[in-house]
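A.B. asks: Same order as they appear, the protein sequences are chains D and E. All residue numbers in the first sequence are consecutive under this note's numbering, ending with 306. All residue numbers in the second sequence are consecutive under this note's numbering, ending with 250. Ideal Cβ positions, reconstructed from N, Cα and C, are used throughout, including at glycine. Remember, predicted model here, so these are calculated numbers, not experimental data.
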Amino acid sequence: MPNLKDLKNRIASVKNTRKITKAMQMVSAAKLRRAQEAAEASRPYTERFNAVLGGLAAGVGGSDSAPKLLSGTGGDQTHLLVVMTAERGLCGGFNANISKLAKARVAELQAKGKTVKILTVGKKGRDSLKRELGQLFVGHVDLSEVKRLGYVDAQSIAKDVLARFDAGEFDVATIFYAKFVNVVSQIPTAQQIIPASFDAPEGGEGATTLYDYEPDEEAILADLLPRGVATQIFAALLENAASEQGARMSAMDNATRNAGEMIDKLTIEYNRSRQAVITNELIEIISGAEAL
Amino acid sequence: MAETVQFDLVSPERRLASLLVEQVQIPGADGDMVAMAGHAPTITTLRPGVLRIEGPDGLAEYVVTGGFAEITATSISVLAESAIARADVTQAHIDGMVKAAADALENAKTTFKNEPGPVDDAAKLLADMVAVGDHIGLTAR
Numbered sequence: 015m016p017n018l019k020d021l022k023n024r025i026a027s028v029k030n031t032r033k034i035t036k037a038m039q040m041v042s043a044a045k046l047r048r049a050q051e052a053a054e055a056s057r058p059y060t061e062r063f064n065a066v067l068g069g070l071a072a073g074v075g076g077s078d079s080a081p082k083l084l085s086g087t088g089g090d091q092t093h094l095l096v097v098m099t100a101e102r103g104l105c106g107g108f109n110a111n112i113s114k115l116a117k118a119r120v121a122e123l124q125a126k127g128k129t130v131k132i133l134t135v136g137k138k139g140r141d142s143l144k145r146e147l148g149q150l151f152v153g154h155v156d157l158s159e160v161k162r163l164g165y166v167d168a169q170s171i172a173k174d175v176l177a178r179f180d181a182g183e184f185d186v187a188t189i190f191y192a193k194f195v196n197v198v199s200q201i202p203t204a205q206q207i208i209p210a211s212f213d214a215p216e217g218g219e220g221a222t223t224l225y226d227y228e229p230d231e232e233a234i235l236a237d238l239l240p241r242g243v244a245t246q247i248f249a250a251l252l253e254n255a256a257s258e259q260g261a262r263m264s265a266m267d268n269a270t271r272n273a274g275e276m277i278d279k280l281t282i283e284y285n286r287s288r289q290a291v292i293t294n295e296l297i298e299i300i301s302g303a304e305a306l
Numbered sequence: 110m111a112e113t114v115q116f117d118l119v120s121p122e123r124r125l126a127s128l129l130v131e132q133v134q135i136p137g138a139d140g141d142m143v144a145m146a147g148h149a150p151t152i153t154t155l156r157p158g159v160l161r162i163e164g165p166d167g168l169a170e171y172v173v174t175g176g177f178a179e180i181t182a183t184s185i186s187v188l189a190e191s192a193i194a195r196a197d198v199t200q201a202h203i204d205g206m207v208k209a210a211a212d213a214l215e216n217a218k219t220t221f222k223n224e225p226g227p228v229d230d231a232a233k234l235l236a237d238m239v240a241v242g243d244h245i246g247l248t249a250r
């Protein structure tokens, strides 16, 4: 039987752990709210942008002069996977789920004989993929210094990706991130960004409005497509940030509850052994008195 | 009073303005244009410049860079990659933008030695940036 002193220490240490996880949960809750607000604030831009770009792309897409970012390079031999994860751990399966999805995609592509290159965003994804797929890495974007995600962060990633595209380093680019559904559920998602794919424009009023274009359709498209890449990356980064905080919040909630259960169990054990010690002492005293 | 039209100014990070206005002067890629209610549907890309909004509450100005404007008879939306209210623009902003444009020009000069296109584009961007600075009274250094 463990002695009383050990049990007491154990209970104290679990109580401390519970305090920490509880605090982390509350911090995540606050950060989640902010991340959600940021995602909400970016939505009007993203939606409008994609609607206009989609309309333009539908108009120009068929012609031979369509920009490469839209029509592709003509091949799909080399794939660039941009894997976006968190900079920090302790957020349940969040990072693991994203890297798992990326790994599955790598295996699938390699089975088809394609060349795969990986660009990681966020430390955790790099760490978890390095052992198996380290030789495929072409770069890493570090966001650990970034306190608040800004559009400039997305722009610099997009710039990197576009420079590689212009240099002919890959044909198809896909981003991996977790879509935020709610606090307990984040869906790891793969989304192709180059060549750009758009949902077919719905046959609403948007499709029937005929616009004048200045300078002209193709010039606008050429100008907007690179920005579209940045916009998509920015949206994904924001989703990812919200997902990370959501995942951390539920992970820490679980941890707090587990710690509570453990404290209850240990307390019962502590009380039992204390009672056993008392009973023991009583028996000794009584039998001593009887012997007189 | 003149007819008003719904105007939205959004950047990737937030919605900066959403109000009814009488007219908006947009720094289009091919030159400034003024949009009012009943304008023909137009989409134009933006050059770095100053966006002037004339609404019932008076005049508002924003320095915008990159993006596009979508104009229909009943609404005007400007989607700018970055938009800052004119009063909030500081010398540091202008210096930063001019420096970025100058770097891009240098970069273009070395990367595209035999293609004048990208170099000219970068030079125009730099000139636009400097013009913005002059316009609002902050001289680029």
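Just to make sure I have the definition right: I need the residues of chain E whose C-beta is within less than 7 Å of the C-beta of D:Phe-63. Which are they?
C.D. replies: Under the 7 Å cutoff, chain E gives Leu-188.
A.B. asks: Between the alpha carbons of E:Arg-250 and E:Asn-216, how many angstroms are there, rounded?
C.D. replies: In this predicted model, E:Arg-250 has a pLDDT of only 49, less than 50, meaning its place in the structure is not dependable enough to derive any value.
A.B. asks: Counting beta carbon pairs with one atom in the region 51 to 62 of chain D and one in the region 281 to 292 of chain D, are three or more of them shorter than 8 Å?
C.D. replies: Too few Cβ pairs lie closer than 8 Å, so no.
A.B. asks: For D:Asn-23, which residues in the same chain have their Cβ closer than 7 Å to its Cβ, ignoring the five residues on either side in sequence?
C.D. replies: Within the same chain, D:Asn-23 has no close Cβ partners at all.
A.B. asks: Cβ atoms of D:Thr-87 and D:Asp-226: under 8 Å apart, would you say?
C.D. replies: Cβ atoms of D:Asp-226 and D:Thr-87: not closer than 8 Å.
A.B. asks: Beta carbons nearer than 7 Å to chain E: which residues of the region 225 to 258 of chain D have them?
C.D. replies: Against chain E - using a Cβ distance shorter than 7 Å - the residues of the region 225 to 258 of chain D are Tyr-225, Asp-226, Tyr-227, Glu-228, Pro-229, Ile-234, Asp-237, Leu-238, Arg-241, Thr-245 and Phe-248.
A.B. asks: Got a sec: which bits of the region 172 to 197 of chain D sit with their beta carbon under 7 Å from any beta carbon on chain E, in order along the chain?
C.D. replies: Going along the region 172 to 197 of chain D in chain order, one finds no residue with a Cβ nearer than 7 Å to chain E.
A.B. asks: Does the Cβ-Cβ distance between D:Leu-95 and D:Ile-132 come in under 8 Å?
C.D. replies: Closer than 8 Å, so yes.
A.B. asks: Going along the chain, which unbroken runs of the beta strand (DSSP E) with 3 or more residues stay wholly within the region 61 to 119 of chain D?
C.D. replies: Correct list: 92 to 98.
A.B. asks: Any beta carbon from chain E within less than 8 Å of D:Val-155's own beta carbon?
C.D. replies: Judged by the 8 Å Cβ criterion, D:Val-155 is not in contact with chain E.
A.B. asks: Under 8 Å, Cβ to Cβ, is there at least one residue of chain D near E:Ile-152?
C.D. replies: By this cut-off, E:Ile-152 is an interface position.
A.B. asks: Could you check if E:Pro-157 is buried or exposed, using at least 16 other CB atoms within 10 Å of its CB as the buried criterion?
C.D. replies: With 16 or more Cβ atoms within 10 Å of its Cβ, E:Pro-157 is classed as buried.
A.B. asks: Could you tell me the alpha carbon to alpha carbon distance between E:Ala-231 and E:Thr-219, rounded to whole angstroms?
C.D. replies: One C-alpha to the other measures close to 12 Å.
A.B. asks: Is D:Ser-56 close to chain E, meaning its C-beta is less than 8 Å from at least one C-beta of that chain?
C.D. replies: Closer than 8 Å: yes.
A.B. asks: Looking at C-beta atoms only, is the number of pairs between the region 260 to 267 of chain D and the region 196 to 203 of chain D that lie closer than 8 Å three or more?
C.D. replies: The region 260 to 267 of chain D vs the region 196 to 203 of chain D: in contact.
A.B. asks: Nearest-angstrom Cα distance between D:Leu-21 and D:Asn-268?
C.D. replies: In a straight line, the C-alpha of D:Leu-21 is about 23 Å away from that of D:Asn-268.
A.B. asks: For chain D, is any of its Cβ atoms less than 8 Å away from the one on E:Pro-121?
C.D. replies: By this cut-off, E:Pro-121 is an interface position.
A.B. asks: Apart from the five residues just before and just after E:Ala-111, which ones in its own chain have a Cβ nearer than 6 Å to its Cβ?
C.D. replies: So the qualifying residues of the chain are Glu-131.
A.B. asks: Scan the region 115 to 178 of chain D and note each continuous beta strand (DSSP E) run of 3 residues or more that stays entirely inside, going in chain order.
C.D. replies: You should have 129 to 135 and 151 to 155.
A.B. asks: If you compare alpha carbons, which of D:Gln-149, D:Lys-138 and D:Arg-140 is closest to D:Thr-129?
C.D. replies: When each option's Cα is compared against that of D:Thr-129, the closest is D:Gln-149.
A.B. asks: In angstroms with no decimal places, state the Cα-to-Cα distance between E:Val-114 and E:Leu-129.
C.D. replies: E:Val-114 and E:Leu-129: Cα-Cα distance of roughly 5 Å.
A.B. asks: At a Cβ threshold of 8 Å, is D:Val-120 touching chain E?
C.D. replies: Judged by the 8 Å Cβ criterion, D:Val-120 is not in contact with chain E.
A.B. asks: Based on the DSSP secondary-structure assignment, which residues constitute the bridge partners of D:Leu-224?
C.D. replies: According to DSSP, D:Leu-224 bridges with nothing at all.
A.B. asks: Examine chain D for any beta-carbon lying closer than 8 Å to the beta-carbon of E:Ile-245, and answer yes or no.
C.D. replies: With 8 Å as the cut-off, E:Ile-245 does not count as an interface residue toward chain D.
A.B. asks: Could you check where the beta strand (DSSP E) with E:Thr-154 kicks off and where it finishes?
C.D. replies: Start and end: 151 to 154.
A.B. asks: Closest to D:Ala-256 by C-alpha separation, out of D:Asn-196, D:Ile-207 and D:Ile-208, would be which residue?
C.D. replies: Nearest option by C-alpha distance: D:Asn-196.
A.B. asks: So, is the C-beta of D:Gly-164 closer than 8 Å to a C-beta in chain B?
C.D. replies: This model lacks chain B altogether; the protein chains it does include are D and E.
A.B. asks: How many Å lie between E:Thr-153 and E:Asp-117 at the Cα?
C.D. replies: Each residue's alpha carbon lies about 15 Å from the other.
A.B. asks: Assuming D:Leu-165 contacts D:Ala-250 (C-beta within less than 8 Å), just tell me the rounded distance between them.
C.D. replies: As written in the sequence, residue 165 of chain D is Tyr, which differs from the Leu given in the question. Contact doesn't hold; Cβ gap of about 13 Å is too wide.
A.B. asks: Whose Cβ in chain D lies nearer than 7 Å to the Cβ of E:Arg-156?
C.D. replies: Within chain D, no residue comes near E:Arg-156; the closest Cβ sits about 10 Å away, beyond 7 Å.
A.B. asks: Cβ closer than 8 Å: which chain D residues qualify as neighbours of E:Gly-137?
C.D. replies: Under the 8 Å cutoff, chain D gives Glu-228.
A.B. asks: Would D:Gly-139 be called buried (16 or more neighbouring beta carbons within 10 Å of its own) or exposed?
C.D. replies: Result: buried.
A.B. asks: Going by the beta-carbon positions, is the gap between D:Leu-67 and D:Val-97 smaller than 8 Å?
C.D. replies: For D:Leu-67 and D:Val-97, no; Cβs fall outside 8 Å.
A.B. asks: If contact means a Cβ-Cβ distance below 9 Å, which residues of the region 88 to 113 of chain D contact chain E?
C.D. replies: Taking 9 Å as the Cβ-Cβ cut-off against chain E, none of the residues of the region 88 to 113 of chain D qualify.
A.B. asks: Output yes if chain E places a C-beta closer than 8 Å to the C-beta of D:Tyr-59; else output no.
C.D. replies: D:Tyr-59 counts as touching chain E.
A.B. asks: Using a Cβ-Cβ cutoff of less than 8 Å, which residues in the same chain neighbour E:Val-228 once the five nearest sequence positions on both sides are dropped?
C.D. replies: Cβ neighbours of E:Val-228 beyond the five flanking positions: Leu-214, Ala-217, Lys-218 and Phe-221.
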